[in-house]
Amino acid sequence: MAIDAEKSTKYGRLNSDDVDSDSERRAPSLGSRASGELHDDDRVLLQEEDEQQELLLRKETSGIQRLLRGREDGNSAVEIGKRERRRLAREARQSQNRRSRGQDNGLMYEMEEGGPGSDFASSRSSSESDLRKLSFANSNWTKRLSLIKRIALYLSIIALFLVLLFAAYKATQASKPRSPLATLSNGTSLFAPTTIIVSLDGFRADFLQRGLTPTLNAFVREGISPLYMTASFPSVTFPNHFTLVTGLYPETHGIVGNTFWDPDLQDSFYYTDKEAMDPKWWNGEPIWVTAEKQSVRSAIHMWPGSEAHIGGIEPTFVDKYNGSEILSKKVDRVLELLDLPGLESSDHPQPRPQLIAAYIPVVDSAGHKYGPNSTDIRQTIQNVDNMLAGLFNGLEERNLTDIVNVVVVSDHGMATTSTQRLMQLEDLVDVSRIEHIDGWPLIGLRPKDPADLEDLYNQIKAKAETNPHIEVYLRDRDMPERYHFRNNDRIAPLWIVPEAGWAIVKNDEFNVAEGLINGDVYHPLGLHGYDPEHPLMRAIFVARGPAFPHKPDSRVEVFQNTEVYNIICESIGIVPSPNNGTLHLPLKPIGLHSDEGAPTLDPPNDPPPSEPVPPKPASPEPVPPKPASPKPASPKPASPEPASPEPVPPEPQPDVVASSTNVATPPADDLLPTSTTSPGSEDATNDPSQETPEEQVKGWIDWVHGKLDEFKSFVNGVLGGSG
Numbered sequence: 001m002a003i004d005a006e007k008s009t010k011y012g013r014l015n016s017d018d019v020d021s022d023s024e025r026r027a028p029s030l031g032s033r034a035s036g037e038l039h040d041d042d043r044v045l046l047q048e049e050d051e052q053q054e055l056l057l058r059k060e061t062s063g064i065q066r067l068l069r070g071r072e073d074g075n076s077a078v079e080i081g082k083r084e085r086r087r088l089a090r091e092a093r094q095s096q097n098r099r100s101r102g103q104d105n106g107l108m109y110e111m112e113e114g115g116p117g118s119d120f121a122s123s124r125s126s127s128e129s130d131l132r133k134l135s136f137a138n139s140n141w142t143k144r145l146s147l148i149k150r151i152a153l154y155l156s157i158i159a160l161f162l163v164l165l166f167a168a169y170k171a172t173q174a175s176k177p178r179s180p181l182a183t184l185s186n187g188t189s190l191f192a193p194t195t196i197i198v199s200l201d202g203f204r205a206d207f208l209q210r211g212l213t214p215t216l217n218a219f220v221r222e223g224i225s226p227l228y229m230t231a232s233f234p235s236v237t238f239p240n241h242f243t244l245v246t247g248l249y250p251e252t253h254g255i256v257g258n259t260f261w262d263p264d265l266q267d268s269f270y271y272t273d274k275e276a277m278d279p280k281w282w283n284g285e286p287i288w289v290t291a292e293k294q295s296v297r298s299a300i301h302m303w304p305g306s307e308a309h310i311g312g313i314e315p316t317f318v319d320k321y322n323g324s325e326i327l328s329k330k331v332d333r334v335l336e337l338l339d340l341p342g343l344e345s346s347d348h349p350q351p352r353p354q355l356i357a358a359y360i361p362v363v364d365s366a367g368h369k370y371g372p373n374s375t376d377i378r379q380t381i382q383n384v385d386n387m388l389a390g391l392f393n394g395l396e397e398r399n400l401t402d403i404v405n406v407v408v409v410s411d412h413g414m415a416t417t418s419t420q421r422l423m424q425l426e427d428l429v430d431v432s433r434i435e436h437i438d439g440w441p442l443i444g445l446r447p448k449d450p451a452d453l454e455d456l457y458n459q460i461k462a463k464a465e466t467n468p469h470i471e472v473y474l475r476d477r478d479m480p481e482r483y484h485f486r487n488n489d490r491i492a493p494l495w496i497v498p499e500a501g502w503a504i505v506k507n508d509e510f511n512v513a514e515g516l517i518n519g520d521v522y523h524p525l526g527l528h529g530y531d532p533e534h535p536l537m538r539a540i541f542v543a544r545g546p547a548f549p550h551k552p553d554s555r556v557e558v559f560q561n562t563e564v565y566n567i568i569c570e571s572i573g574i575v576p577s578p579n580n581g582t583l584h585l586p587l588k589p590i591g592l593h594s595d596e597g598a599p600t601l602d603p604p605n606d607p608p609p610s611e612p613v614p615p616k617p618a619s620p621e622p623v624p625p626k627p628a629s630p631k632p633a634s635p636k637p638a639s640p641e642p643a644s645p646e647p648v649p650p651e652p653q654p655d656v657v658a659s660s661t662n663v664a665t666p667p668a669d670d671l672l673p674t675s676t677t678s679p680g681s682e683d684a685t686n687d688p689s690q691e692t693p694e695e696q697v698k699g700w701i702d703w704v705h706g707k708l709d710e711f712k713s714f715v716n717g718v719l720g721g722s723g
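Counting from 1, one number per residue, gives the positions in the sequence shown under the UniProt record's numbering.
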């Protein structure tokens, strides 16, 4: 038969014993069915088996490939897996139906050939195993894909939450300064949030403990303040005044000293030069620019940098530096600005400013000229306190005490100098190898040949090992992190930082050995610029007004002057530019200054007199320059002068005048180092040979006062005062 031949060809010859055996097993079933029905059913079954075998063969060769492709395309793998499972389920149902009708595969084979061969059974079993593996793999991949999707979903939700949280934080920060501020009235005029900031240059924190400042002490009891405020490094006027109004470290705003060299500009900055007001030097955004950009008017009275046209934005009012202006005129100017029309007259050509910044240089000038412990500076401190009394009285008369914020700050302290605390620069380094010398009293060195830097550092470092009064740093290696004095090319690569009260001088400015022999007095008698954390360099911060709604006499933690910018900005409702400060209003008191056990500020001692390193072998103790002058070699006489005209101030000069502010035309050129004349000898009457008997008597009195101050400092040190 044709069918028999076809089956024989397709499946091969079957063992006759197997056929007989199978036929015998299935004989009862065959007897009950017609021959034609069997032929038709067998033909259909054979076709189905052929189709199934083809399907299985295709699955054997391509199943794994589909699985691999499915892993590359997750969706495709899932679809294929579903189709295969549906097909297998359908075939299983069909097979079950056939078995239920008695259409068993073995019947066909038994009738025609005796049954399927072992090869076919093995192939089918293998294919079914592959299908089960494929189904299992697809199931695992589906589970894995589902897990990945869930993880991705969770991560997306977390990321979205963080983005929303950050956006909410930024929105809160941006709106924070503005929301709580309201317009206030003094009964006759409307006042937008208004703040007066007064800077007392060189006002050391412990000056408040001398019994000379009743107004400032009452201001402390009425307001909020730290025990002291920390200056920024270096503790000199221009860098710190620009930090106060930008919130930036000097390394960031670019004014890294009163004097420095810029290697990119190939130019020198000197704070008293007209060129110092070129905007190219000033990299930060000062508070008056921040205010004017946000339509808040500002008035700046002689503040360092206010004449520099920074960012092309000018204050509404700017007063150029005038070193001869008396203190009462400054009070008059501030009150005059407050008397201008306010919000009730918005169309006035000169509306009232909301920010008034005033700079007071006299304490710094007196400290340099006479020393921080002299009789003369005591009078200057009292004069400044009286000036503040005039300002506060003017506010009270205008009913503005509780309407206008007042903040009083200083930029640094002051240390007494001495001829016995001088070091000759030439004894520390070969100056012939140095191209630029920056700073003072700390010294920044730029070698002519950059390759010499390491050798110069090692030489000075070796000498510093036997000299406890200096520290030597490479800017890019071991400059202390707390100084924040690295990240600017205007900072010299090598620095010598003396201990507070010590100074480094060049030989052509002051010969230390000769000065000791002759008993010459070194000028200036007061210096700053040292480590800002030294007690002699501490500054002040005191605030009062509606932006500071705290208990009177509140005390906050000590903070650095980088925080002042944020505080002032928020007190007048403007958004600060990015800066290094972290404090925000309202300030968080930690108690009252009057609390039992609250810390107090003890007056610091000046460094004790000491032989300079390296000294001359037989250097005598300093003596008064002339018998006619009662002033000894102590650095504290009211008007001490050297006996000979040879000593000169170091380069650069202390910020006696221009440190007070950026000076378009400095009015005190005689204070700049020009010859061997010291800063204290600009007045002809200071020459000892021209002193009258009355002046000599005054000199003796000043000397006695100076000695009393020294004795009080000694007693304070014995009783626990900080040094």
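Glycine included, C-beta positions come from ideal geometry on N, C-alpha and C.
inquiry  = Can you look up R229 in the DSSP assignment and give me helix, strand or coil?
reply    = The residue you asked about is not Arg; residue 229 is Met in the sequence shown. Secondary structure of M229 (DSSP, three-state): strand.
key: Supposed close pair T230, V558 - CB separation, criterion 8 Å   = 6 Å
ask   = Looking at P361 and G202, is the spacing between their C-beta atoms short of 9 Å?
value = In this structure, G202 sits near P361, with a CB-CB distance shorter than 9 Å.
ask   = So the alpha helix (DSSP H) V331 belongs to, where does it begin and stop?
value = 327 to 338
key: Assigned secondary structure, L601 (DSSP; H/G/I helix, E/B strand, else coil)   = coil
ask   = Under the rule that 16 or more other beta-carbon atoms within 10 Å means buried, what is E435, buried or exposed?
value = exposed
request  = Identify, in the order they occur along the chain, each residue of the same chain with its Cβ nearer than 7 Å to the Cβ of T417, setting aside the five sequence neighbours on each side.
outcome  = G501, A503, Y522, P524, L525, G526, L527, P635
task = Can you check DSSP and say which residues form a bridge with S185?
result = L190
request  = Taking the CB atoms as reference points, tell me whether G247 and S577 lie closer together than 9 Å.
outcome  = yes
request  = Let me know if N579 comes out buried or exposed under the rule of 16 or more other beta-carbons within 10 Å of its beta-carbon.
outcome  = That one is buried.
ask   = Under 9 Å between C-beta atoms, does L587 make it to chain B?
value = Chain labels in this structure do not include chain B; a single protein chain is all it has.
message = Tell me which residue opens and which closes the beta strand (DSSP E) that W261 is part of.
response = 259 to 262
request  = May I ask you to report which of helix, strand or coil DSSP gives E426?
outcome  = helix
request  = Report, in whole angstroms, the separation of the C-beta atoms of D250 and V256, which I expect to be a contact under 8 Å.
outcome  = Sequence check: residue 250 is Pro here, not Asp. Confirmed, about 5 Å.
query = If you draw a straight line from the alpha carbon of I403 to that of V512, how long is it in whole angstroms?
reply = 55 Å
ask   = For the region 384 to 420, which segments carrying the beta strand (DSSP E) assignment without a break, of at least 3 residues, lie completely within its bounds, in sequence order?
value = 404 to 409
query = Name the DSSP beta bridge partners of G591, please?
reply = R555
N217 to D531 span [Cα, whole Å] = 26 Å
task = Look at M537 and R204 and say whether their C-beta atoms are less than 9 Å apart.
result = yes
query = Which residues mark the beginning and the end of the beta strand (DSSP E) in which residue 724 is found?
reply = Missing from the structure shown is residue 724; the chain here goes from 1 to 723 and no further.
query = Based on the DSSP output, what are the partners of F541 in its beta bridges?
reply = DSSP lists V409 as partners of F541.
request  = Note down, in chain order, each residue of its chain lying with its Cβ closer than 8 Å to the Cβ of T562, except the 5 sequence neighbours on either side.
outcome  = S232, T243, G247, L248, Y249, N579, N580, G581
message = Helix, strand or coil for residue 724? Go by DSSP, reduced to three states.
response = Any question about residue 724 goes unanswered here, given that the chain covers just 1 to 723.
task = Express the C-alpha separation of Y271 and P234 in angstroms, rounding to a whole number.
result = 14 Å
task = Decide if N140 is buried, meaning its Cβ has at least 16 other Cβ atoms within 10 Å, or exposed.
result = exposed
key: Rounded C-alpha distance that separates H368 from S374   = 10 Å
inquiry  = Counting C-beta neighbours from all protein chains within 10 Å, is the total for E344 16 or more, i.e. buried, or is it exposed?
reply    = With fewer than 16 Cβ atoms within 10 Å of its Cβ, E344 is classed as exposed.
request  = Note the first and the last residue of the continuous alpha helix (DSSP H) segment covering E514.
outcome  = 512 to 518
query = Looking at C-alpha atoms only, which residue of K588, D595, K506, P589 is the closest neighbour of S432?
reply = K506
key: Ranges of the alpha helix (DSSP H) found wholly within the region 194 to 225, counting only runs of at least 4   = Inside the region 194 to 225, DSSP marks whole alpha helix (DSSP H) runs of 4 or more residues at positions 214 to 222, from first to last along the chain.
task = Please confirm whether L355 and R446 have their CB atoms less than 9 Å apart.
result = no
query = Grouping DSSP H, G and I as helix and E and B as strand, with all else coil, what is H436?
reply = strand
query = Considering only residues of the same chain and omitting the five flanking positions on each side of Y483, which have a CB-CB separation below 7 Å?
reply = The beta carbon of Y483 lies closer than 7 Å to those of F233 in the same chain, with the five residues before and after it left out.
message = Per DSSP, what are the beta-bridge partners of L495 in this structure?
response = It should be pointed out that residue 495 corresponds to Trp in this sequence rather than to Leu. Bridge partners of W495: G444, Y473.
task = Identify, in the order they occur along the chain, each residue of the same chain with its Cβ nearer than 6 Å to the Cβ of V198, setting aside the five sequence neighbours on each side.
result = A358, V408
ask   = Nearest to E292 by CA position, among C569, P546, R86, is which residue?
value = Closest by C-alpha distance to E292, out of C569, P546, R86, is C569.
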